[in-house]
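Before any comments, here is the structure.
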């Protein structure tokens, strides 16, 4: 079986989901999967500027970004123009896939139109990488929608999608997060009293999103704090100078290890990150969301009892984190909820859906 997976770098969650889908499908004997950045493919001369513009909107001008999303919800998905259809048709001819899987909403708009016109029998699966399914995700050409939760399922039904086309499988995460995630208590690092230190993992912008680093250190006391700064070298160097209880980690392919050993994950509510935490059974403290899709993801985490979203008023972020870190009962309940959710997701895998 040949599978074409379409994605794009509008936030790395789409790319992460595509990699997870490829990894899972290639466990099936005789399956060959290829990932294509559809934005690079369609707009090779301008894709770099398209991505830079998106990053500017989502990071600095999120009010305008949210407005554009709300306006888009008031119209149905547009049809692809002839030049786009011709390019997509060329891609389909060259790849000759049995299955096309999209982890990017723009693909529903452009690829869906091309598949409808195609004479080839192609199963088209859309993997929605956030809880909120914007109109851009929806196309008549889609054979099946893989979604993160029943919340997404209900919203799709309200938009006219038939229930038999919707599969609640969770947002895909890589094998390293799924393997060995039914964990016991990590040995971890020892504090001055000889007991295991609580461990806090901060991701999604790191301490750059927390206004007072020194207050955080005071509030969390003897906890070990690990910050994954990714490509932000300036932040990593600043944190290294702090020393002490903070470990600054740059780009790493061991995120699953850090997440699995953490007692608490402090993060933005990206769809991929939320589900990586669920599979790792790591309770979440979610930083105040600004983007529309992150607000829905945070609402999902709260409603399913796997995370707590920071309150903007009242206690400081550091005090709120400390309260959750000390609440053993609440965090244990979150882990139990995560285990139940994983059992549900295992019943409807992307592999099962692709092979139908």
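In our numbering, the protein residues as written are 648 to 1003.
Don't be surprised by glycine CBs; every beta carbon is placed ideally from N, CA and C.
All figures in this text were calculated on a predicted structure; none of them were measured in a lab.
With DSSP run on the structure shown, which of helix, strand or coil describes residue i?
i	result
residue 902	helix
residue 820	coil
residue 1033	Past the boundaries of the shown model lies residue 1033; the chain is included only from 648 to 1003, so the question cannot be answered.
residue 684	strand
residue 797	helix
residue 728	Low confidence applies here, because residue 728 scores a pLDDT of 49, under 50, leaving its location unreliable and the question unanswered by this model.
residue 815	strand
residue 928	coil
residue 956	strand
residue 783	helix
residue 692	coil
residue 896	strand
residue 997	helix
residue 809	coil
residue 938	coil
residue 991	helix
residue 961	coil
residue 922	helix
residue 947	helix
Considering Cα atoms alone, identify which of the options is closest to residue i.
i	options	result
residue 846	886, 905, 885 and 819	905
residue 755	678, 741 and 791	791
residue 773	796, 748 and 795	748
residue 814	892, 803 and 821	803
residue 997	821, 807 and 799	821
residue 766	753, 911 and 744	744
residue 920	817, 687 and 752	817
residue 780	771, 801 and 787	801
residue 911	849, 876, 825 and 897	849
residue 620	940, 913 and 795	Outside the displayed span of the chain (648 to 1003) sits residue 620, for which this structure offers no information.
residue 656	872, 948, 751 and 799	751
residue 865	965, 787 and 956	965
residue 935	956, 882 and 946	956
residue 894	787, 888, 941 and 873	873
residue 947	794, 880, 1001 and 881	794
residue 648	700, 746 and 973	746
residue 988	960, 696, 923 and 963	923
Using the Cα positions of residue i and residue j, report the straight-line distance between them to the nearest angstrom.
i	j	result
residue 993	residue 999	10 Å
residue 769	residue 763	9 Å
residue 907	residue 967	22 Å
residue 810	residue 668	22 Å
residue 759	residue 899	35 Å
residue 782	residue 969	39 Å
residue 931	residue 944	12 Å
residue 739	residue 682	13 Å
residue 971	residue 927	18 Å
residue 742	residue 691	18 Å
residue 915	residue 869	24 Å
residue 679	residue 653	14 Å
residue 703	residue 676	42 Å
residue 950	residue 977	14 Å
residue 878	residue 785	33 Å
residue 883	residue 892	14 Å
residue 761	residue 753	13 Å
residue 862	residue 981	26 Å
residue 867	residue 844	11 Å
residue 1022	residue 933	Outside the shown range of the chain, which is 648 to 1003, sits residue 1022, and nothing can be said about it.
residue 974	residue 941	25 Å
residue 805	residue 887	50 Å
Just list the residues that DSSP pairs residue i with in beta bridges.
i	result
residue 770	746
residue 914	933
residue 596	Residue numbering for the chain in the displayed model covers 648 to 1003; residue 596 lies beyond these limits and cannot be assessed.
residue 791	772
residue 983	In the DSSP output, where bridge partners are listed per residue, residue 983 has none listed.
residue 847	872 and 911
residue 877	897
Taking 8 Å as the limit between beta carbons, can you name the residues of its chain near residue i, skipping five residues before and five after?
i	result
residue 757	685, 689, 727, 731, 732 and 735
residue 674	998
residue 666	682 and 821
residue 694	684, 686 and 687
For residue i, I'd like the list of residues in its chain whose CB is within less than 6 Å of its CB, leaving aside the five on either flank, ordered along the chain.
i	result
residue 671	997 and 998
residue 918	660, 776, 777, 818 and 944
residue 909	846, 848 and 929
Ignore the nearest five residues each way along the sequence and tell me which others in residue i's own chain have a CB closer than 7 Å to its CB.
i	result
residue 1007	Limits of the chain in this structure are 648 at one end and 1003 at the other, which puts residue 1007 out of reach.
residue 797	815
residue 902	875
Any heavy atom of the ligand NAP closer than 8 Å to the beta-carbon of residue i?
i	result
residue 952	Ligands in the displayed structure: none, and consequently the ligand NAP is not present.
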